[in-house]
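Participant:
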Amino acid sequence: MATQPPPTREPIPVIVVSEPDNDDPPFRLYALLIFVGTLLGSLIGAVADLSSAAQTVQQIGDAFNPPPTLCIAGSDTILGDELQLANNWLAEFSQDKRLTITVDAIGSGNGVRRAQEGGCVDVLAMSEAMTPEQYNGLQSAGVTIECAAEIGYDIIAFVTDISNTIPTLLQRELASMLDGRLRDWSDVRGAPGKIYILARPGSGTTAHVLSNVARYNDSDTFPLGANYVQCNSNEECLNLTLSTPGSLYWVSTAWMRTKPPQYLRVLPILRGDESPINPLTDEFALEEYPSALARPLYLYVLTTSSTSAETTQVSKDFLSYVRSLRGQQILEDSSFITYFDTTADIPITLPQGFSAGEGVRQVCKAP
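Taking the numbering used here, the leading residue of the sequence shown gets 11, the next gets one more, and so forth.
Have a look at this one:
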């Protein structure tokens, strides 16, 4: 039997893969990128871990040794958010300091009441001088005034609705309007219509105007003969002024400068025969304006039996900073007048134990 030849098979294809040359430049670059990426990832993770650890350590440290708390309360003119005055002060003052700071713009009188009632008020801001009654109330509540000083001046202006055409008011006419002896705009050369006076209870501006212009010193009520309408903030009061024909409102010119000028109908106030002065103009001169409408702004450092020495020192440092050149620059940038300017005859009224006399001032009591 003949032998059959083995079956023929198709050859198996072989693919030869060449090994890369580790010395090849593209390969070395690729390897380097992988290495650098891995290293960066590790470093970022390590930094994140260190940051988290540092935060944890800080939180633990604060729990056992909390930073001092600085409570600032009072005048909306000084502390209100719209002017950013207090915020700008504190942003610079608190740099590199461990502090917990609270700021409450609740009004000058309300700030005094909070301190009298045991609330946290380390620094009291007031846009009016502290009265003897307020001082005695603080003393009775166990609150000591460690420091007291003026920090600048504010100018008060009167505004009305934009349709009111009366050009000026005499200061004596204004006083009669505020105490209710004059109740109609026709009494002061205006168009007939009731006079509606907008006012904020507990406001230092309100207390200053009623005391210094109307000679009315009851801080708990408004003059009964006039048409007073209560409002709760400068913003609300200005809105009501603009929407109420025959309205009258007083407000800080520094605050007014933050508002659109086309909505501000300022009433120049005359003391006698001099030319009318609009305090919002660039030509305004403090010494020519009625002194009753220019007021000092004050800061007081308060302590109680529970106030720590650290908080007291921080409060004193803050007052010193506000009265420094840098603090006064920030105040002037907010359209107030620095306390360095003594051209006007504006009385400085300080509580018992403090003096605004000549020579080097001691604004804090000796330790």
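Backbone N, C-alpha and C fix where the C-beta goes; we use that ideal spot for every residue, glycine too.
If you're wondering where the values come from, they're calculated on a predicted model, not measured in any experiment.
Would the beta-carbon of VAL113 fall within 8 angstroms of that of ALA96?
Facilitator: Cβ atoms of VAL113 and ALA96: closer than 8 angstroms.
Participant: According to DSSP, is GLN7 part of a helix, a strand, or is it coil?
Facilitator: This structure cannot speak to residue 7, because the chain is shown only from 11 to 377.
Participant: Is it right to say PHE350 is buried, meaning 16 or more other beta carbons lie within 10 angstroms of its own, or is it exposed?
Facilitator: It counts as exposed.
Participant: Quick one: using the 10 Å Cβ neighbour count with 16 as the cut-off for buried, is ALA12 buried or exposed?
Facilitator: Reliability of the predicted coordinates at ALA12 is poor, the pLDDT of 48 falling under 50, and the value obtained from them is presented with this limitation in mind. When all chains shown are included, ALA12 counts as exposed.
Participant: How long is the line joining the alpha carbons of ASP194 and ILE205, rounded to whole angstroms?
Facilitator: Between ASP194 and ILE205, the C-alpha separation is close to 5 angstroms.
Participant: Exposed or buried, what is LEU89 when buried is set at 16 or more other beta-carbons lying within 10 Å of its beta-carbon?
Facilitator: Answer is buried; the Cβ neighbour count reaches 16.
Participant: Output the distance between the C-alpha atoms of ARG225 and PRO270, rounded to the nearest integer angstrom.
Facilitator: Whole-angstrom Cα-Cα distance: 32 angstroms.
Participant: CB-CB under 7 angstroms to THR321, same chain, minus the five flanking residues each way: which ones, in chain order?
Facilitator: Here the set comprises PRO78, THR79, LEU80, ASP132.
Participant: Count the CB pairs spanning the stretch 147 to 166 and the stretch 329 to 348 that are closer than 8 angstroms, and state whether there are at least three.
Facilitator: The stretch 147 to 166 is in contact with the stretch 329 to 348.
Participant: Between GLY117 and ARG210, how many whole angstroms is the CB-CB distance? I'm expecting something under 8 angstroms.
Facilitator: At roughly 7 angstroms, the Cβ-Cβ gap stays under 8 angstroms, so GLY117 and ARG210 are in contact.
Participant: Within 10 Å of its beta-carbon, does ASN242 have 16 or more other beta-carbons around it, so buried, or fewer, so exposed?
Facilitator: It counts as exposed.
Participant: Does ALA201 pass the burial test, meaning 16 or more other C-beta atoms within 10 Å, or should it be called exposed?
Facilitator: So ALA201 ends up on the exposed side.
Participant: Excluding the 5 residues preceding and the 5 following PHE364 in the sequence, name in chain order all residues of the same chain whose CB lies nearer than 6 angstroms to its CB.
Facilitator: Only ALA158 meet the Cβ criterion.
Participant: In three-state DSSP terms, what is GLY162?
Facilitator: In this structure, GLY162 counts as strand in the three-state DSSP scheme.
Participant: Tell me the residue span of the beta strand (DSSP E) that contains PRO255.
Facilitator: Unbroken run through PRO255: none, as it is neither H nor E.
Participant: Bridge partners of ILE207, per DSSP?
Facilitator: Note: ILE207 sits in a beta bridge opposite TYR238, LEU258.
Participant: Classify ASP86: buried if its beta carbon has 16 or more other beta carbons within 10 angstroms, exposed otherwise.
Facilitator: So ASP86 counts as buried.
Participant: With 16 as the cutoff for other CB atoms within 10 Å, does ASN120 come out buried or exposed?
Facilitator: Classification for ASN120: buried.
Participant: What does CYS81 pair with, by DSSP beta-bridge criteria?
Facilitator: Looking at the DSSP assignment, CYS81 forms a beta bridge with THR112.
Participant: Report the rounded CA-to-CA distance for LEU307 versus GLU160, giving the unit in angstroms.
Facilitator: Their Cα atoms are separated by approximately 5 angstroms.
Participant: Name the DSSP beta bridge partners of LEU148, please?
Facilitator: Note: LEU148 sits in no beta bridge, so no partner.
Participant: Just checking PHE294 against the ligand ZN - is the residue's beta carbon closer than 7 angstroms to any of the ligand's heavy atoms?
Facilitator: The ligand ZN is not part of the structure shown, which contains no ligands of any sort.
Participant: So, with DSSP's three-state summary, where would you put MET140?
Facilitator: Three-state DSSP puts MET140 in coil, outside helix and strand.
Participant: Which two residues bound the contiguous alpha helix (DSSP H) that contains THR263?
Facilitator: Taken as a continuous stretch (DSSP letters only), the alpha helix (DSSP H) holding THR263 covers 263 to 266.
Participant: Tell me whether the beta-carbon of VAL169 lies closer than 8 angstroms to the beta-carbon of LEU100.
Facilitator: For VAL169 and LEU100, no; Cβs fall outside 8 angstroms.
Participant: For the beta strand (DSSP E) that THR322 lies in, which residues bound it at each end?
Facilitator: From DSSP, THR322 is part of no beta strand (DSSP E) but of the alpha helix (DSSP H) over 319 to 332.
Participant: Going by C-alpha to C-alpha distance, which of ASN146, PRO300, PRO278, GLY84 sits closest to THR291?
Facilitator: Residue PRO278 is the option with its Cα nearest to THR291.
Participant: In this structure, what does DSSP give as the bridge partners for TYR308?
Facilitator: Looking at the DSSP assignment, TYR308 forms a beta bridge with MET136, GLU160.
Participant: Using the Cα positions of VAL122 and GLY129, report the straight-line distance between them to the nearest angstrom.
Facilitator: So the alpha carbons of these two residues sit roughly 10 angstroms apart.
Participant: Does ARG275 come out as helix, strand or coil in the three-state DSSP assignment?
Facilitator: ARG275: strand per DSSP, three-state reduction.
Participant: Alpha carbon to alpha carbon, how far is THR314 from TYR299?
Facilitator: Those two C-alpha atoms are separated by around 40 angstroms.
Participant: When burial is assigned at 16 or more other CB atoms within 10 Å of the CB, is PRO30 buried or exposed?
Facilitator: Confidence is the limiting factor: at PRO30 the pLDDT is only 47, short of 50, which leaves the residue's position unreliable and the question unanswerable from this model.
Participant: Hey, LEU312 and ALA115: beta-carbon distance below 8 angstroms or not?
Facilitator: No, they are not a contact pair.
Participant: Helix, strand or coil for ASP171 per DSSP?
Facilitator: In the structure shown, ASP171 sits in coil (DSSP, three-state: anything other than H, G, I, E or B).
Participant: Let me know if SER150 comes out buried or exposed under the rule of 16 or more other beta-carbons within 10 Å of its beta-carbon.
Facilitator: Burial call: exposed.
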